[in-house]
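*Asks:*
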Amino acid sequence: MSGKYGVVDRFEIEELRAEVTDAVMMRDFDRVASLFTPDAVMRWPHVDKEFVGRDQIRAGIEWGQGLWEFFVQHVHGGVVRLDGGTAVGRAYIQEFGRMRDGSSHLNHALYHDRYQRTSDGWKFSERVYEVRYLDSTPLTGSPPEHSASTEGELS
Numbered sequence: 364m365s366g367k368y369g370v371v372d373r374f375e376i377e378e379l380r381a382e383v384t385d386a387v388m389m390r391d392f393d394r395v396a397s398l399f400t401p402d403a404v405m406r407w408p409h410v411d412k413e414f415v416g417r418d419q420i421r422a423g424i425e426w427g428q429g430l431w432e433f434f435v436q437h438v439h440g441g442v443v444r445l446d447g448g449t450a451v452g453r454a455y456i457q458e459f460g461r462m463r464d465g466s467s468h469l470n471h472a473l474y475h476d477r478y479q480r481t482s483d484g485w486k487f488s489e490r491v492y493e494v495r496y497l498d499s500t501p502l503t504g505s506p507p508e509h510s511a512s513t514e515g516e517l518s
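Taking our numbering, the leading residue of the sequence shown gets 364, the next gets one more, and so forth.
1. Just to confirm before moving on: does the CB-CB distance between A450 and G440 stay below 8 Å?
2. Which residues does DSSP list as the beta-bridge partners of F487?
3. My output table needs one value for G447: the three-state DSSP class, helix, strand or coil.
4. Report the option in K486, Y474, V383 whose CA atom is closest to the CA atom of F399.
5. Where D418 and G369 are concerned, what is the direct C-alpha to C-alpha distance, given to the nearest angstrom?
6. Kindly give me the distance between the Cβ atoms of H471 and Y496, rounded to whole angstroms, as I take these residues to be in contact under 8 Å.
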């Protein structure tokens with residue numbers, strides 16, 4: 364699809380990818396789940412996990428975030444291929460943090476995505492996470508003792 368509608372669709376899909384990262388970083392698991400279609404699938408092959416439907420996706424994200432002492436994810440735009448009310452794409456990811464067990468984690472990965480246009484806008488219908496690089500060298504830094512995570516909330 365090309366023209367102004369293709370540009371708008373691409374923008375909305377980029378916003379969807381940014382929104383899910385923000386929701387995960389803010390630990391807003393209900394918002395994460397709302398960004399998927401009701402029958403969506405999320406797969407994490409590197410840890411042999413699959414979540415089907417919003418309830419499982421919400422629980423899976425909450426479980427995963429519960430493993431971290433602190434977690435930072437950066438998303439970088441990738442390709443999007445539109446086909447009417449559906450699209451496929453990739454988002455490039457960098458994550459780092461420390462697990463509650465004391466191990467450290469830095470990776471570069473990508474999400475292979477499928478998107479569906481709905482009456483509520485674009486949603487994920489499938490996300491498959493592929494880790495391309497993993498470094499478990501101990502991180503020397505730490506989060507500040509006082510976190511400003513609730514300051515500057517978006518309305």
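In this text, a Cβ means the ideal position worked out from N, Cα and C, and glycines have one as well. Bear in mind the structure is a predicted one, so any value in this text is a computation, not a measurement.
*Replies:* On the basis of the data shown:
1. Taking the sequence shown and counting its residues from 1, the one referred to as residue 450 is at position 87. Taking the sequence shown and counting its residues from 1, the one referred to as residue 440 is at position 77. Contact: no.
2. Residue mapping note: residue 487 aligns to position 124 of the sequence shown, counting from 1. Bridge partners of F487: F399, Y478.
3. Numbered from 1 along the sequence shown, position 84 holds the residue referred to as residue 447. Of the three classes helix, strand and coil, the one that applies to G447 here is coil, per DSSP.
4. Here residue 399 refers to the residue found at position 36 when the sequence shown is read from its first residue. Per the Cα distances, K486.
5. Translated into the one-based positions of the sequence shown, residue 418 becomes position 55. Translated into the one-based positions of the sequence shown, residue 369 becomes position 6. Distance between the alpha carbons of D418 and G369: 31 Å.
6. Position 108 of the sequence shown, counting from 1, holds the residue named residue 471. Position 133 of the sequence shown, counting from 1, holds the residue named residue 496. With a Cβ gap of about 4 Å, H471 and Y496 count as contacting.
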